[in-house]
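Per this note's numbering: the sequence shown = residues -17 to 195.
All residues carry an ideal CB built from backbone N, CA and C; glycine is no exception.
Inspection log for the structure reproduced underneath, given as structure tokens.
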Amino acid sequence: MIDPRRKREKMVREQIEARGVTDPEVLRAMRSVPRHLFVDEALQAQAYEDHPLPIGHGQTISQPYIVALMSSLLQIKPGVKVLEIGTGSGYQAAVLAEMGADVFTVERIKALYQKARQLFSNLKYHYIKTKLDDGTMGWHEKGPYDRILVTAGGPDVPPPLVDQLEDHGILIIPVGASKRSQKLIRVIKDGRDTKQDDMGSVAFVDLVGKFGW
Ligand code: SAH
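What follows is the structure, given as structure tokens:
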């Protein structure tokens, strides 16, 4: 592929900055993570285009803008502990790790889990912790987390995720009463209360599990 660095530069300028994402650390991470290595070779030429791409098993790597949007909504600072549900290709986890987050990521499909682990090792993201499991249950032993990100859409916010969120922590999750169309919800925990905001419409693959579809 011809000069992925230039393609990333163009992607950040035209798809991400142009839509109003300004967090310099998000922009820096998206300029550095080699997104083309997170998709199959046959799709690498399309890796920096403005849409999601298939990664097998009926799943997708999200559109670059959506990864940038969610990363900026999470307000990542170096050292924050982040739980991601839905490792998929591993791209979102790599972007968060590039921003200095301490990333824990859970995937339910074994083949994707194994592939992402291999990629993290090849790209030297040794500090990303991975688990094969139903992520609607969270990852209790490692919690609580400052931030939780769900990259698949479910019918509701899974209660274990709210339980495993630190006080004043932020949880971002696509929620929708029907499949393939959701609202991106931001949950902020405040003691025993939570505050929820609608951050706009999105379309994610299904969150499948005990507290999913
Ligand atoms: N963050 C990913 C997006 C992958 S698509 C990326 O950057 O590529 C969503 C992923 O969520 C799929 O891989 C799917 O298998 C996974 N998923 C769906 N329900 C899940 C659950 N309950 N626990 C863990 N992973 C789940």
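Problem - DSSP state of ARG162 mapped onto helix, strand, coil - result: coil
Exercise for the section: Kindly examine ligand 1 and report whether one of its heavy atoms sits closer than 7 Å to the Cβ of THR(-3). Expected result: In the sequence on display, residue -3 carries Gln and not Thr. Result no, Cβ not under 7 Å from ligand 1.
Problem - CB contact flag (ASP180, HIS150, <8 Å) - result: no
Exercise for the section: Evaluate contact between the stretch 155 to 166 and the stretch 184 to 192, counting only Cβ atoms and requiring at least three cross-stretch pairs below 8 Å. Expected result: yes
Practice task
Would you list, in sequence order, the uninterrupted beta strand (DSSP E) runs of no fewer than 3 residues that lie entirely inside the stretch 62 to 149?
Solution key: Counting only runs of 3 or more, we get 63 to 67, 84 to 89, 111 to 114, 127 to 132.
Practice task
Flag this pair as yes or no: are the beta carbons of ILE(-2) and ALA50 separated by less than 8 Å?
Solution key: yes
Practice task
Assuming PHE20 contacts GLY61 (C-beta within less than 8 Å), just tell me the rounded distance between them.
Solution key: Not confirmed; about 24 Å, so no contact.
Exercise for the section: Taking ILE48 as part of the alpha helix (DSSP H), name the residues at either end of that continuous run. Expected result: 46 to 55
Practice task
Using a threshold of 8 Å, state whether the C-beta atoms of GLN164 and GLY135 are closer than that.
Solution key: Yes.
Problem - Proximity below 8 Å, CB of GLU66 to CB of ALA75 - result: yes
Practice task
Give the range of the beta strand (DSSP E) segment to which VAL184 is assigned.
Solution key: 175 to 184
Handout entry: Cβ contact check for the stretch 10 to 29 and the stretch 40 to 58: 3 or more pairs under 8 Å
Key = Result yes; three or more Cβ-Cβ pairs closer than 8 Å.
Handout entry: Reduced DSSP secondary structure (H/G/I, E/B, other) of LEU25
Key = helix
Exercise for the section: Buried or exposed for GLN178, please, with buried defined as at least 16 other CB atoms from any protein chain shown within 10 angstroms of its CB. Expected result: exposed
Practice task
Give the DSSP bridge partners of ILE(-2), in chain order.
Solution key: Partner(s): none; ILE(-2) has no beta bridge.
Problem - VAL3 (DSSP reduced to helix, strand or coil) - result: coil
Problem - Exposure of TYR107, with buried meaning 16 or more beta-carbon neighbours within 10 Å - result: TYR107 is buried by the Cβ-count criterion.
Handout entry: beta-carbon GLU148 near ligand 1 non-hydrogen atom, thresh 7 Å
Key = no
Exercise for the section: Count the other C-beta atoms from every protein chain shown that fall within 10 angstroms of the C-beta of THR69, then say buried if there are 16 or more, exposed otherwise. Expected result: THR69 is buried by the Cβ-count criterion.
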